[in-house]
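What follows is a single structure, written as structure tokens, with notes after it.
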Amino acid sequence: MHPSLSLGNLSQLPLGLRTKALAAANGSLDSLRALSAAVPQMSYEDRILLLPAFYAALDVPDIPNIEAMTTESFPTSSFHRVVLAVGVVSNIPGIHPLALNDLWMRLWVGVQLLDFATQLIPEAFLNAGIGPVNFFCMIERFLHEDGGGPINSTKGVWTLVGKSWSAMLQREDVFGDMVFNKLCQFLARAAITYANVEELIVGAGGTTELALIIVQHIKLTKFSIVTLADSIYLHSVIRFLSCTNASLCSGLLRCGIVPALTRAISILGISRQEVKGVTRTGLLHSALVILMEAITLWKESTPRQSVYHWQRQSMKAGLLGTLVNISCRFFDGKVVTAVEDFLTKVLPASMMDPIVLKQVLDQYSPFREAIYSTELQRAILRLPWKNFHELFVQRSGVLAKFEIAVSMRACDNGSCDVIKTKKLMSRCSNCQTNYYCSGPCQIQDWRAGGHRDQCRILRASKYAEPLSSRQLSFMRAVLHDDYLSRRFEILSRQINHMIDKPGTDFYTMFWYSNDKVKVNVLTIGEYPESDCNDWCIDWKYHARRKRQSEGRMDLHLMVIAHPGGGSEARMFPKRSFNDGMARGQRKITERTQRPTVYELNALILALSEKDECIH
């Protein structure tokens, strides 16, 4: 026990005060009341000397285990002593940290008793305005300045913090409230562990409820950063998010963390005022990193949502303009790196989605002005912005053609050569994926086993397509545009593969990473990367379909790299109106002598001009 808590210290008090203090330490409720009422007018020295009396008052032997407490076992006789002692001890300033450690366990039992009493007689305490917020005020000082202290490992503390956090955000005037400021300081210093987060969830009332609290807290940034020049409100919740576990991810996404955080970053980026507690660049970097994680990594917690869903939300909340503004104003290394990750990973990946493309088109005029502005031309990230702008212009051109084009599809019966408008085709009623020109074609494909197995897999929820039919059609349009623009190169690679590996069948891979697309021709079933087994490509199925087509089908695999790592693939076969391309390639490869480069180029050019196809 720390010396400041020894009863011997009471002998240094004036006689009248000493007599009351000794009586209070020995259990006198009247003396304890008198001391509690007198403490606010006492000197700091007398308050510290009185600590042993209140420490003794907190030692109530008849308090049962809180978890096992009932209405019948509630220690009514000791309750008033505990209330008085807790109220005084939690308001005496300057207590030695080691003394706080000794006081903690006794005071925590008293706070738990108070909390139980509010549940036992809610009307009485509600009328008196006593609740979780008051209890938080009693315990927050026991967290050391460096974030240490026994409060971190005490069971039930974070449940109380969750209740308090929820209650504070329900107040009308939360800003200027010193208690809310203390809560933010507490969150900014305390240890955030898995067990603590689980308790917070209990205190908030559930995972969704805690997620709503966090999102509501972030939305307060529009008041805190601009008007109060105080970043602790945002810093506290950003730090919490950077330390928390994955159990909250899906709830945070559903409750709107992405648009809320995007707007907070925007406000932080445009504000001219100084921020307190942390550097603006440090706070910006942390917020940008968490936003990128929410958009790219947390998607695993919501597998049924499109990978582009959260990118759309962020774009709608002003992500593009925010990144432009930050690029022009901030030159700190960490902030530049975080923005560059968006420019080279998140934004290029989102250009595969027609909805995000339209969102950028809607704000293209100011975006184009910014791209060519003096500020951005001098910025460190001018080249990534230039690359993204070029990609956007190319994809928006594809989108414009896609919007007015008559959609064409080939019959998915591999033996059929019919290609006609999509509206004239019928879809498989089960999986809604394959298209057929007639009922007999669908029956033939089913009986041959081509679609029968695939249909069953596609109907399973585990493998359900998260992308809409329109999104997939746009991806086909992007692939087709890139194929046409690089057709000569692709045909050259295919012919070289046929010459180098005679007798082996091949597929063409289009790997979309960042703002580039890489093309490679590989043997069917061959993967270029070690993690590609996650693509779940049924090579036997696709190889059989290619053989059935008798030269009218070429396998094109579209691979999209995810900004947060990993990739996903879709097989979009190229369907030709005839087998002229395949026959032409075979003739070139079957020559007794390998053609010269000049001859090969001329042959390929003639072939490509006759290539009529769709994807």
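Residue numbers (our numbering): 253 to 867. Note that beta-carbon positions come from the ideal geometry of N, C-alpha and C, so glycine has one too. As the structure is a prediction and not an experimental result, all values here were calculated from the model.
Reference residue i; option with closest CA among the options
i	options	result
Ala662	Met823, Val335, Met805 and Val467	Met805
Arg506	Asp752, Ile465 and Leu287	Ile465
His348	Ser288, Leu257, Leu504 and Cys495	Leu257
Lys597	Val541, Gly534 and Ser625	Val541
Ser538	Met567, Val489 and Ser502	Val489
Arg797	Asn686, Asp752 and Leu462	Asn686
Arg564	Met544, Val576, Ser579 and Phe582	Met544
Gly458	Asn433, Leu500, His487 and Leu439	Leu500
Leu857	Glu741, Leu365, Pro384 and Val431	Glu741
Ala369	Arg358, Trp356, Pro384 and Met357	Pro384
Arg843	Thr775, Glu820 and Pro754	Pro754
Trp360	Lys407, Gly400 and Glu397	Lys407
Gly869	Ala729, Ala657 and Ala440	For residue 869 there is no data in the structure shown, the boundaries of the chain being 253 and 867.
Ile300	Val341, Cys495 and Val449	Val341
Leu336	Leu281, Met357 and Trp356	Leu281
Pro780	Ser819, Asp752 and Ala795	Ser819
Met253	His332, Trp356 and Leu287	Trp356
Gly279	Ala290, Arg270, Asp311 and Ser295	Asp311
Residues sharing a beta bridge with residue i, DSSP
i	result
Leu809	Met761 and Met823
Asn772	Met761
Asp678	Reading off the sequence shown, one finds Ser at residue 678, where the question assumed Asp. DSSP output for Ser678 lists Tyr688 as bridge partner(s).
Lys415	Per DSSP, none; premise fails for Lys415.
Ser828	Cys865
Cβ shell of residue i (< 6 Å), same chain only, five flanking positions each side left out
i	result
Thr479	At Thr479, the pLDDT of 45 sits below 50, so the modelled position is not reliable and the matter cannot be decided from this model.
Leu595	Pro636 and Phe640
Gly777	Trp791
His749	Phe758 and Val773
Pro692	none
Gln800	Gly666 and Ser667
Leu493	Ile542
Val576	Ala622
Host beta strand (DSSP E) of residue i (start-end)
i	result
Lys839	Looking at the DSSP string, Lys839 is not in any beta strand (DSSP E); the run it does join, the alpha helix (DSSP H), is Gly832 to Thr841.
Met603	Counting along the chain, Met603 falls outside any beta strand (DSSP E), and DSSP gives it neither H nor E.
Arg661	Met660 to Ala662
Thr673	Ile671 to Thr673
Enclosing alpha helix (DSSP H) for residue i [first to last residue]
i	result
Arg622	The question names Arg, but residue 622 in the sequence shown is Ala. Tyr616 to Ile623 is the span of the alpha helix (DSSP H), which, as asked, contains Ala622.
Thr626	Thr626 to Gln629
Ala890	Because the chain here runs from 253 to 867, residue 890 falls outside it and cannot be looked at.
Cys203	Outside the displayed range of the chain (253 to 867) lies residue 203, so it cannot be described from this structure.
Asp354	Pro349 to Leu372
Lys568	His561 to Lys568
Val645	Arg634 to Ile656
Arg846	No alpha helix (DSSP H) contains Arg846, which DSSP labels as neither H nor E.
Asn448	Tyr446 to Ala456
Ala440	Met430 to Arg441
Arg739	Arg739 to Asp752
Asn577	Leu571 to Arg581
Trp791	Trp791 to Ser801
Ser494	Ile484 to Cys495
Asp298	Tyr296 to Ala309
Val291	Here Val291 belongs to no alpha helix (DSSP H), and DSSP marks it neither H nor E.
Leu464	Thr459 to Lys471
8 Å CB neighbourhood of residue i in its chain, flanking five on each side removed
i	result
Leu724	Glu717 and Arg822
Val467	Leu504, Cys507, Gly508, Ile509 and Ala512
Lys568	Pro511 and Gln611
Pro880	There is simply no residue 880 to check, as the chain begins at 253 and stops at 867 in what is shown.
Leu267	none
Gln615	Leu572 and Gly573
Ile789	Leu809, Ala821 and Met823
Arg722	Pro606
Check: residue i C-beta below 6 Å from any heavy atom of the ligand PLP
i	result
Gln611	The ligand content of the structure shown is nil, which means the ligand PLP is not present either.
Proximity test, Cβ basis, 7 Å: residue i and chain D
i	result
Gln684	Protein chains in the displayed structure number just one, and chain D is not present.
Other residues of its chain near residue i: CB distance less than 7 Å, five sequence neighbours each side excluded
i	result
Glu851	none
Pro304	Leu257, Ser258, Leu259, Asn261, Leu262 and Ala277
Thr756	Thr775
Phe583	Ile632
Decide yes or no for the touch test of the stretch 671-682 against the stretch 621-641: beta carbon pairs closer than 8 Å, at least 3 of them.
no
Does the structure place the stretch 454-471 close enough to the stretch 415-423 that three or more beta carbon pairs sit under 8 Å?
yes
May I ask you to verify whether the stretch 383-394 touches the stretch 405-415, counting CB pairs closer than 8 Å and requiring at least 3?
yes
Is there contact between the stretch 616-627 and the stretch 730-745, where contact requires at least three CB pairs shorter than 8 Å?
no
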